[in-house]
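First residue of the sequence shown? That's 1066 in our numbering, and the numbers climb one at a time after it.
Even for Gly, the Cβ is constructed at its ideal location relative to N, Cα and C.
As the structure is a computational prediction, the values presented were derived from the model and not from experiment.
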Amino acid sequence: MDPSPVSKRSLAAGMIIAALGVVYGDIGTSVLYAFRICFEGKNALNPTSANILGILSLIFWSLVVLISVKYLLIVLRADNNGEGGVLALMTLLTKVRKNPHARRGLVILLGLFGASLMYGDALITPVISVLSAVEGLKAVAPGFTIFVLPISFGILLLLFWFQKHGSGTIGKIFGPIMLIWFAIIAVLGLISIVKNPVVLSAIDPRYSFSFFYHNKMHGVFTLGTVFLVLTGGEALYADMGHFGKKPIRGGWFFIVFPALICNYFGQGAYLLRNPGGMENLFYRLAPQWSVFPLVILATIATVIASQAVISGVFSLARQSVQLGYFPRLAIIHTSNQTIGQVYVPVINGLLCAGTIILVLAFQHSEKLAGAYGVAVAMTMLITTLLLIPVMRKIWKWNLLTVTCLSFAFLVMNCAFLFATLMKIKDGGWVSLLIGAGAFFLNVTWEKGRDHLRRQIVTEAVSMRDFLVDVETIKPYRVKGTAVFLAGNAAGVPRTLLHNYKHNKVLHECVVILTVVTEKIPFVKKSSQLDMEELGQGFFWITAHFGFSETPDIPETLYAVSVKGLRFNPMDTTFFLGRETLIASKHKGPMLPWRKGVFGFLSRNACDASKFFHIPPNRVIEIGIQIEL
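Pasting the structure below:
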């Protein structure tokens, strides 16, 4: 029986509310600091009527053009089998057959760098959001100032400690809380607008142009602060795989966008009436009796915002591992129903340590604003650059439409990037350094593995010669099945050669297993395995997984039941290689010091048995030395 129209509407509404709790936390809490910081700090504007209306006009049209049009209406169309994010754009373009090799390489580099920059965003977002919320205590009583940093530390430590329980544990309450948050900020803004409705004239784009005309370079500097209203925009696309396009679009156009505009304009209306009321501007919209409960709600909202960014980084790390751009990491699934809910302990620990360091270094949300935005602005520009060929080559849009849209997006993205780059010396270098470090590790790992793969292929013994040798010598065959993991589909795995050389025996059934990560999120069970019988009791199996999946080798193999091959969990032994990489002094394709970095990453990679979910009591590891 088909669901009734009422149940369909209820389901749609439920999905929109759920999306509020994950997708819109970051952009939804920018009201705490974005508008206020334009009139505070080093490059503060005078709170004149022209400046207030000019900033509001910039905020309004930035949200319309870059979020509503670019991301919600256009970029969300660029899904890779339901998955979004800059890596999805990258993989879509790498599938275009007519792409020259050089252009394909540039697309991969852009995609990797854009993804790497998100690590910097994930470090700064929790800090600036939590600090901004807790600083509201000063609006309750100035004496609470000394408690801001200790409370912030406590919240951040609790936030990262809770990650091991999974976002699904608290996901059910995220949406309703964020719905309450957006309702309250909208009402507070509307009340203030009613007291000074002239602020609505800022919708006229001429106020934006007038702002730059009168403020010159000072206005350009301020544009870097205005950009804070857009942070979290990239998350709308990255989190598409969790909810789909319709709930994300519905949540934005019906709830989030109206609430944000009401609150920003409400803050502007208050500042027009009270030009000296910049400090704790957001909380000044609320009655005095409600400030303390509002601080608590804002703190919860910022924790939710941080949760969304952190969860996104976990997913990004998993995709990077699966696509071969990062060493194996321990990845824990925290939900049996939702595959996207994962926990990566190493990344969580690094993020936790990084946020504590940032709190100690900056201590105030206003100071941290200088470090915030640079990485996001670069990622948004990279998304635009990758989107242009997608519109033209994949969607086949006409040249005029693509040119007009690209011009509008590029002009705004470049303007925001230029403005945020001016904040590098004020702390913007932090996110760039983090992003550059992650990018370097990605490229080094990929290049090192490619060099290692080529070297192994060059030195490999052909499978045909090995089988001829087995047929001639007829070694003793022990009962059971042996599975040898092979990193490439050429030649005999070194683990098999070493085992045969030292033990002089083979199992009755020998399986060489190659795991391939496809450039799609998920692979159907029916297409997951390719099998070839080689003779002499040997089989070559290729297992295909999507980049959003974590391979479970035993579960995949135990489902196989064909003539001559059946996996018994108690009668199957997995042979894994424990590689020891020795960096040679000759240059080769990698510099010696870079080989050292690759070796360090390899030594600290997650154990293959844990990554592939192979029971430790069914594993035999064979040590292998390889000179790079």
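- Item | Three-state secondary structure assigned by DSSP to residue 1317 | helix
- Query: According to DSSP, which residues form a beta bridge with residue 1596?
  - Reply: 1606
- Query: Taking only runs of the beta strand (DSSP E) that begin and end inside the segment 1614–1684, which ones reach a length of at least 3 residues, in chain order?
  - Reply: 1637–1647
- Task: Could you have a look at residue 1488 and say whether DSSP puts it in helix, strand or coil?
- Result: coil
- Buried versus exposed call for residue 1066 [16 or more other C-beta atoms within 10 Å across all chains shown]: The predicted position of residue 1066 is uncertain, since its pLDDT is 44 and thus under 50; a value taken from the coordinates is nonetheless stated next. Flag for residue 1066 reads exposed.
- Whole-angstrom distance between residue 1267 and residue 1118, CA atom to CA atom: Their backbone Cα atoms lie some 5 Å apart in a straight line.
- Within 10 angstroms of the Cβ of residue 1384, are there 16 or more other Cβ atoms? Answer buried if so, exposed if not. buried
- Which class does residue 1396 belong to by DSSP, given the choice of helix, strand or coil? If DSSP states are grouped into helix, strand and coil, residue 1396 belongs with coil.
- Does the segment 1276–1294 come close enough to the segment 1479–1492 to have 3 or more Cβ pairs within less than 8 Å? yes
- If you run the structure through DSSP and keep just helix, strand and coil, what is residue 1576? strand
- Item | At least 3 beta-carbon pairs within less than 8 Å: the segment 1583–1594 vs the segment 1555–1564 | no
- Out of 1191, 1494, 1169, which has the shortest C-alpha to C-alpha gap to residue 1159? It is 1169.
- Go ahead and label residue 1361 buried or exposed: buried means 16 or more other beta carbons lie within 10 angstroms of its beta carbon, across all protein chains shown. exposed
- Task: With residue 1549 as the anchor, note down where its beta strand (DSSP E) starts and where it stops.
- Result: 1541–1550
- Assuming residue 1096 contacts residue 1325 (C-beta within less than 8 Å), just tell me the rounded distance between them. 6 Å
- Task: Could you tell me which residues DSSP pairs with residue 1582 in its beta bridges?
- Result: 1610
- Query: Taking the Cβ atom as the reference point for each residue, do residue 1448 and residue 1299 lie within a distance shorter than 8 Å?
  - Reply: Yes.
- Task: Compare the beta carbon distance of residue 1622 and residue 1632 with 8 Å and say whether it is the shorter of the two.
- Result: Contact flag set, yes.
- Message: Check whether the segment 1175–1182 and the segment 1495–1511 touch, using three or more Cβ-Cβ pairs below 8 Å as the test.
- Response: At 8 Å Cβ cutoff, the stretches touch.
- Query: DSSP state of residue 1570, grouped into three classes?
  - Reply: strand
- Candidates 1571, 1427, 1512, 1113: closest to residue 1539 by CA position: 1571
- Item | Residue burial classification, residue 1172 (beta-carbon count within 10 angstroms, cutoff 16) | buried
- Who are the Cβ neighbours of residue 1746 in its own chain at under 7 Å, not counting the five residues just before and after it? The requested residue 1746 does not occur in the structure, where the chain is confined to residues 1066 to 1693.
- Message: I need the boundaries of the alpha helix (DSSP H) containing residue 1460, first residue and last residue.
- Response: Note, residue 1460: premise wrong, no alpha helix (DSSP H); not H, not E.
- Leaving out the 5 sequence neighbours to the left and right, which residues in its chain are closer than 8 Å to residue 1479 when beta-carbon positions are compared? 1446
- Member of 1110, 1183, 1282 whose CA lies at the smallest distance from the CA of residue 1498: 1183
- Query: Using CA coordinates, which residue listed in 1193, 1581, 1579 is at the minimum distance from residue 1098?
  - Reply: 1193
- How is the alpha helix (DSSP H) around residue 1332 delimited, first residue to last? 1322–1338
- State the Cα-Cα distance for the pair residue 1228 and residue 1379, rounded to the nearest angstrom. Whole-angstrom Cα-Cα distance: 10 Å.
- Message: Comparing C-alpha positions only, which one of 1285, 1419, 1603 sits nearest to residue 1535?
- Response: Among 1285, 1419, 1603, the Cα nearest to that of residue 1535 belongs to 1603.
- Own chain partners of residue 1392 with C-beta closer than 8 Å, once the 5 adjacent residues on each side are dropped: Only 1386, 1510, 1666, 1667, 1669, 1670, 1671 meet the Cβ criterion.
- Query: Can you tell which of 1661, 1638, 1089, 1556 has the C-alpha that lies nearest to the C-alpha of residue 1302?
  - Reply: 1089
- Item | Where residue 1222 falls, given that 16 or more other Cβ within 10 Å makes a residue buried | exposed
- Three-way DSSP call (helix, strand, coil) for residue 1344 in this model: Residue state, collapsed to three classes: coil.
- Message: In the DSSP output, which residue or residues are listed as bridge partners for residue 1148?
- Response: 1145
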